[in-house]
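First comes the structure, then the notes that go with it.
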Amino acid sequence: MKISILLLAVLFLQTETPFKPMEEIEVKLNFEFRERIREDANKINMDQTRATNERSRGSGPLPYLFVNVKVLKQNADEVRLKVVENGSRIKLNKKFDMNTLLKLDLGFTDDIKDRVTAHEYTIYYLTKDKQPLSKIIIFFEEDGTYIVNGQVRGKL
Numbered sequence: 030m031k032i033s034i035l036l037l038a039v040l041f042l043q044t045e046t047p048f049k050p051m052e053e054i055e056v057k058l059n060f061e062f063r064e065r066i067r068e069d070a071n072k073i074n075m076d077q078t079r080a081t082n083e084r085s086r087g088s089g090p091l092p093y094l095f096v097n098v099k100v101l102k103q104n105a106d107e108v109r110l111k112v113v114e115n116g117s118r119i120k121l122n123k124k125f126d127m128n129t130l131l132k133l134d135l136g137f138t139d140d141i142k143d144r145v146t147a148h149e150y151t152i153y154y155l156t157k158d159k160q161p162l163s164k165i166i167i168f169f170e171e172d173g174t175y176i177v178n179g180q181v182r183g184k185l
């Protein structure tokens, strides 16, 4: 009896954090071209495939991605933000206000598409007690399509 009451209480208390409305945020991709720097050109990693090894050697400038997120309308209770990579690793946790431009360094676009680096970023907007009020999910598919809060926004 106690277990069933506890399970019901847990089910009712768990609520999904809603998406931040798209009209309250601005998400822009910013591309740069950078050379891939290799730590040791004479060292071979036997766990890498041939394609990964050749890509890591670099063949000139490659597209490198930054995502700029700006809040256009801030809820009065939103005072902190937390960025989580792939649902588990906390990348950033800090105070923010409307003048804060969040610039996420995502890395080389090929690495994102090939799942070498993170491909999903969740930005939580939190109260001063660190309770989530809203969120933004930025997801990159393997073909380069990027999705913000479930809406397709373009392709890398």
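In our numbering, the protein residues as written are 30 to 185. We treat Cβ as the ideally placed atom computed from N, Cα and C, and that holds for glycine.
Determine, using beta carbons only, whether residue i comes closer than 7 Å to chain C.
{"i": "Asn97", "result": "Note that chain C does not occur in the displayed structure, where there is just one protein chain."}
Counting C-beta neighbours from all protein chains within 10 Å, is the total for residue i 16 or more, i.e. buried, or is it exposed?
{"i": "Ile66", "result": "exposed"}
{"i": "Ile141", "result": "buried"}
{"i": "Ile165", "result": "buried"}
{"i": "Lys49", "result": "buried"}
{"i": "Phe169", "result": "buried"}
{"i": "Ile119", "result": "exposed"}
{"i": "Val2", "result": "No answer is possible for residue 2: it lies beyond the span of the chain, which begins at 30 and ends at 185."}
{"i": "Ser163", "result": "buried"}
Please list, in chain order, all residues of the same chain as residue i whose beta carbon is under 7 Å from its beta carbon, the five residues on each side excluded.
{"i": "Val39", "result": "With a pLDDT of 46 at Val39, under the threshold of 50, the modelled position of that residue is not reliable, and the figure given next carries that caveat. Answer for Val39: no residue qualifies."}
{"i": "Leu130", "result": "Asn97, Lys99"}
{"i": "Glu124", "result": "Residue 124 is actually Lys in this sequence, not Glu. Same-chain partners within the cutoff: Val108, Arg109."}
{"i": "Glu53", "result": "Val100, Leu101, Lys102"}
Under 7 Å, do residue i and residue j count as touching if we go by C-beta distance?
{"i": "Ile167", "j": "Tyr150", "result": "yes"}
{"i": "Leu186", "j": "Leu94", "result": "Outside the displayed span of the chain (30 to 185) sits residue 186, for which this structure offers no information."}
{"i": "Asn122", "j": "Ala147", "result": "no"}
For residue i, which residues from the same chain have a beta carbon less than 8 Å from its beta carbon, with the 5 sequence-adjacent residues on both sides left out?
{"i": "Leu36", "result": "A caution first: Leu36 carries a pLDDT of 43, below 50, which makes its placement in the model too unreliable to give a value."}
Which same chain residues, not among the five before or five after residue i, have their C-beta less than 6 Å away from its C-beta?
{"i": "Phe137", "result": "Leu91, Tyr93"}
{"i": "Arg182", "result": "Tyr175"}
{"i": "Val113", "result": "Ile119, Thr151"}
{"i": "Leu185", "result": "Thr138, Gly173"}
- May I ask you to verify whether the region 154-170 touches the region 103-112, counting CB pairs closer than 8 Å and requiring at least 3? Output reads yes: the region 103-112 touches the region 154-170.
- Could I get the ranges of all uninterrupted beta strand (DSSP E) runs contained in the region 134-181, with 3 residues as the minimum, in chain order? Correct list: 149-155, 161-169, 174-177.
- Query: Which ranges does the alpha helix (DSSP H) cover as unbroken runs of at least 4 residues, wholly within the region 77-132, from first to last along the chain?
  - Reply: Secondary structure in the region 77-132: the alpha helix (DSSP H) runs of 4 residues or longer, each lying completely within the stretch, are 79-86 in chain order.
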